[in-house]
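What follows is a short report on a single structure.
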Amino acid sequence: MKIVHFHFGKEGGAERFFVHLVNAFAKRGVEQKVIIRPGRSWRSNFHESVEVKESHFRTASLDRVLLPFFVRSLIEKWKPDCVLGWMPKGAKLVPNISGPVKLVRLGDYPTSLRKFRNIDTVVCNTPGIARHVRDLGWQRGIEVISNFTDMASVPPVDRDILDTPKNAYVVSSSGRFVPRKGFDVLVRMLADRPDIYLWLIGGGEEEQNLKALATKLSVAERVRFAGWQKDPRPFIAASDCFAMASKHEPLGNVVLEAWAQGVPVISTRAEGPSWFMRDEENGLMVDIDDHNAFGRAVHRFRSDCALVEKIVEGGSQTLQKMFSEDAVVNAYTALIYSGRSLS
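If you read the sequence shown in this note's numbering, its first letter stands for residue 646, the second for the next number, and so on.
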């Protein structure tokens, strides 16, 4: 099998899953070529068999004109079985050409279908996104195939790296520092929880605002900014629990990563977690923007070891049942070979 991927994302959980899927295909002997933005920190994580080309594909760039011609020539000469555009921007590059199955993979809610005109089947990573695409008027193929994460346990980092006492209770969280991720809620939580440390793994436009908020609330001495990490799992593994405070979250790859490390999870009732999480079974769920509820959930984990064991086991079971590598790769393979939607 041969696959061409177009992915113009930046940094984050969606990009980590992209690399995971490409490498999973590579392990099965699938030949792949990928086109990504220049300078991505995760470029070196691809399997050695994967051929990588870099392009901005920006509106005001020569690549915007030349890249579509390159892609059409590549497909005509290499004859892939599948052309897979990631997110609407990747879908826009998929040409109107016969031969390969033409897919777009969505991990968020699109605002329109105008970039999908050459797509045969839309692959959504949650049922909610699939319903949204249908509501927009999509009449062609649609399939729900979710994500998977690396389930291997990794050694935790030494807490000294982030100047954190070994006996401190640490809440970790990771992602892009943008308003919708709700990291400010976790900082506010610390104001009433004087014995908790917060590790924020990632970066983005809100970082200075978060630091200013921590200073304003007099909790800066207990907030650690770990920066962008090629692999956040060792930091998550070194924490006592993981918190996801998103106001809007189509799936929540970071929850899967925490489960894989045996770390109990607290999450808002955002779209994705509301699909695959069950309160007090595989995590604790709280209302969006409720920092007090996060604090109460952390207290429950600290005071109830039996609850933590139950939550960790529930997360592991959900991971195996819904988000295994074999199930996801098999579903993509079947869809590509069928040449149509499985729905």
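Positions of the beta carbon are idealized from the N, C-alpha and C atoms, including for glycine.
All figures in this text were calculated on a predicted structure; none of them were measured in a lab.
Report the three-state DSSP secondary structure of residue i (helix, strand or coil).
i: R750; result: strand
i: T1053; result: Residue 1053 lies beyond the stretch modelled for the chain, which goes from 646 to 988, so this question has no answer here.
i: I774; result: helix
i: R821; result: strand
i: R794; result: Per the sequence presented here, residue 794 reads as Thr, with Arg not at that position. Coil at T794, not helix or strand.
i: I680; result: strand
i: G940; result: helix
i: L729; result: strand
i: G847; result: strand
i: M646; result: coil
i: I787; result: strand
i: M834; result: helix
i: S912; result: strand
i: L929; result: strand
i: H692; result: coil
i: H652; result: strand
i: G872; result: strand
i: I841; result: strand
By how many angstroms is the C-alpha of residue j removed from the C-alpha of residue i?
i: D971; j: R804; result: 34 Å
i: P877; j: R717; result: 37 Å
i: G917; j: F653; result: 22 Å
i: D778; j: Y754; result: One point to set straight first is that residue 778 is Val, not Asp, in the sequence displayed. Cα to Cα, the separation comes out at about 8 Å.
i: D932; j: L831; result: 13 Å
i: F822; j: N741; result: 37 Å
i: S798; j: A903; result: 10 Å
i: C950; j: D885; result: 12 Å
i: G773; j: H701; result: 30 Å
i: Q989; j: L712; result: With the chain represented from 646 up to 988, any question about residue 989 goes unanswered, as that position is not in the structure.
i: E894; j: F714; result: 35 Å
i: N668; j: A865; result: 39 Å
i: S818; j: M930; result: 15 Å
i: G847; j: R869; result: 11 Å
i: G959; j: E926; result: 6 Å
i: R923; j: P879; result: 25 Å
i: W920; j: K722; result: 42 Å
i: G782; j: L758; result: 8 Å
i: F651; j: V973; result: 19 Å
i: S912; j: V710; result: 43 Å
i: E851; j: G820; result: 11 Å
i: P800; j: A882; result: 7 Å
Within a Cβ cutoff of 6 Å, which residues of the same chain sit near residue i, ignoring the five residues on either side of it in sequence?
i: V957; result: G907, P909
i: P810; result: none
i: V649; result: K678, P725, V728
i: M834; result: H936, F939, G940
Once the 5 residues before and after residue i are set aside, which same chain residues still bring their CB inside 7 Å of it?
i: A976; result: I790
i: K747; result: V728, V739, N763, I764, D765
i: S986; result: Any reading at S986 must be qualified, since the residue scores a pLDDT of 39, below 50, and its modelled position is unreliable; no value is offered.
i: P745; result: I720, P725, D726, C727, V728
i: F670; result: I648, Q677, V974
To which residues of the same chain is residue i closer than 8 Å at the C-beta, ignoring the five residues directly before and after it?
i: G872; result: I846, G847, G848
i: R838; result: G940, V943, H944
i: V675; result: M646, K647, I648
Between the segment 882-890 and the segment 826-833, are three or more C-beta pairs nearer than 8 Å?
yes
Contact between the segment 784-799 and the segment 758-769: three or more CB pairs below 8 Å?
yes
Give a yes or no on contact between the segment 896-906 and the segment 649-669, applying the rule of three or more CB pairs nearer than 8 Å.
Result yes; three or more Cβ-Cβ pairs closer than 8 Å.
Three CB pairs or more closer than 8 Å across the segment 940-950 and the segment 688-695
no
At what residue ranges does the segment 954-987 contain a whole run of the alpha helix (DSSP H), taking only runs of 4 or more?
Under the rule that a run must span 4 or more residues, the alpha helix (DSSP H) segments found entirely inside the segment 954-987 read 970-983.
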